[in-house]
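Participant: First, the structure itself, so that you have it in front of you.
In this note's numbering, the protein residues as written are 31 to 239.
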């Protein structure tokens with residue numbers, strides 16, 4: 031079954047070559063006109079927050095879409111998303127599309143700019159963000175042992191680069207060290223939780239107790 035859908039890139043006049051060449055604010059201002067329903071604008075904020083939360087630096091305007099249902103636009107399910115924090119060659123961005131001019135160290139005050147653009151109640155967003163933050167912090171680690179059980183041989187390698195001299199020299203990639211996939215997830219998660227605390231995101235959990 032095919033669903034009628036459109037990528038944000040299409041709705042904002044971008045293509046594959048320019049999918050990274052915008053800011054979150056520009057994208058959200060355009061989408062505020064395309065998403066009249068408050069619940070759909072909140073869902074967009076949830077998708078964006080989740081992407082930033084897990085450190086998915088490859089979010090761009092072709093990785094978000096809307097579905098057309100009886101002349102109404104609704105957010106399509108989130109797709110093509112995973113943490114990039116475990117990869118050596120990643121840039122370490124929390125988002126590739128800048129939020130309030132920043133790609134890293136994004137704080138609640140930075141994200142508030144997007145909340146205001148979409149005209150979503152701040153308290154409503156805080157409740158949604160609190161639920162995701164709790165699950166990320168407390169529930170996600172339960173799955174690391176399951177990853178280890180399911181994929182005991184899977185490993186993440188750190189690679190060292192060495193250039194062989196002479197004519198026609200080549201760069202040789204050599205495994206330097208490795209962690210199991212589960213341990214790489216666990217280590218990355220612990221580092222991210224520490225970052226989120228430092229950036230002030232856990233105030234949402236306190237506010238909503």
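Note that CB positions come from ideal geometry on N, CA and C, so glycine has one too.
#1: Alpha carbon to alpha carbon, how far is residue 239 from residue 173?
#2: By how many angstroms is the C-alpha of residue 74 removed from the C-alpha of residue 137?
#3: Just to confirm my understanding: we take residue 32, look at its own chain, exclude 5 residues before and 5 after, and list those with CB closer than 8 Å. What are they?
#4: CB residue 144 to CB residue 90, shorter than 8 Å?
#5: Give the range of the alpha helix (DSSP H) segment to which residue 224 is assigned.
#6: Helix, strand or coil for residue 72, going by three-state DSSP, please let me know.
#7: Using the Cα positions of residue 176 and residue 101, report the straight-line distance between them to the nearest angstrom.
#8: Determine the direct distance from the alpha carbon of residue 69 to that of residue 62, and round the result to whole angstroms.
#9: Can the beta-carbon of residue 87 be found closer than 8 Å to that of residue 109?
#10: Do you know whose CA, among 111, 83, 116, lies nearest residue 135's CA?
Facilitator: Per the coordinate set shown:
#1: Here residue 239 refers to the residue found at position 209 when the chain shown is read from its first residue. Here residue 173 refers to the residue found at position 143 when the chain shown is read from its first residue. Note that residue 239 has pLDDT 46, beneath the 50 cutoff, so the model's placement of it is unreliable and the number below is only indicative. Computed Cα separation, rounded: 25 Å.
#2: Residue mapping note: residue 137 aligns to position 107 of the chain shown, counting from 1. Residue mapping note: residue 74 aligns to position 44 of the chain shown, counting from 1. Those two C-alpha atoms are separated by around 18 Å.
#3: Against the chain shown, residue 32 aligns to sequence position 2. Once the five neighbours on either side are set aside, residue 32 has no close Cβ partner at all.
#4: Here residue 144 is taken as the residue at index 114 of the chain shown, counted from 1. Here residue 90 is taken as the residue at index 60 of the chain shown, counted from 1. Going by C-beta atoms, residue 144 is not nearer than 8 Å to residue 90.
#5: In the chain shown, the residue the question calls residue 224 occupies position 194. Unbroken alpha helix (DSSP H) run through residue 224: 211 to 229.
#6: As a first step, residue 72 must be located in the chain shown, where it is residue number 42. Helix at residue 72.
#7: Start at 1 with the first residue of the chain shown, and residue 176 comes out as number 146. Start at 1 with the first residue of the chain shown, and residue 101 comes out as number 71. Their backbone Cα atoms lie some 43 Å apart in a straight line.
#8: Translated into positions along the chain shown, residue 62 becomes position 32. Translated into positions along the chain shown, residue 69 becomes position 39. Near 12 Å, if we compare the C-alpha coordinates of residue 69 and residue 62.
#9: Here the question's residue 87 lines up with position 57 in the chain shown. Here the question's residue 109 lines up with position 79 in the chain shown. No; because the gap between Cβ atoms is not below 8 Å, this pair is not in contact.
#10: Residue numbering aside, residue 135 sits at position 105 when the chain shown is read from its first letter. Checking every option, the nearest Cα to that of residue 135 belongs to 83.
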